[in-house]
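These notes concern the structure reproduced below.
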Amino acid sequence: AEAWQAAQTKVRRKEIFDQHGVRWSALHKLRYRDPVRHTVLGVMHNWIEGVLQHQARVKYGIGIVAGSK
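See below:
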């Protein structure tokens, strides 16, 4: 984020964003905020892609190829 803020041109900022997926925000000035630890996960997506997928495969055998574990 600091490299994005320090970049002098829009082209360089785009390169940094494309490479790292991060832009500068005023929220980065908050000393108590940690962007990694304070990111809210998508509960609905975690539920569908994690818990329900695991249950479908383990409990109901959906998506398991015959002969594999």
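For what it's worth, my numbering labels the leading residue of the sequence shown as 473, then goes sequentially. Glycine included, each C-beta is placed from N, C-alpha and C at the ideal position.
Distance CB(residue i)-CB(residue j) smaller than 9 Å
i: alanine 497; j: alanine 475; result: A quick correction: the sequence has serine, not alanine, at residue 497. Cβ distance not < 9 Å, so serine 497 and alanine 475 don't count as in contact.
i: arginine 505; j: leucine 499; result: yes
Neighbourhood of residue i by C-beta, 7 Å cutoff - its chain only, sequence neighbours within 5 removed
i: isoleucine 489; result: Note that residue 489 is phenylalanine in the sequence shown, not isoleucine. Counting only Cβ-Cβ distances below 7 Å, and skipping sequence neighbours, we find Trp476, Arg495.
i: alanine 479; result: Arg485, Ile488
Length of the line joining the Cα atoms of residue i and residue j
i: alanine 528; j: histidine 517; result: 15 Å
i: glutamine 525; j: threonine 481; result: 44 Å
i: valine 483; j: isoleucine 536; result: 47 Å
i: glycine 493; j: threonine 511; result: 14 Å
i: lysine 501; j: arginine 509; result: 16 Å
i: glycine 533; j: isoleucine 520; result: 16 Å
Secondary structure, alpha helix (DSSP H): runs of 4+ residues fully inside the region 513 to 538: 515 to 518, 525 to 530
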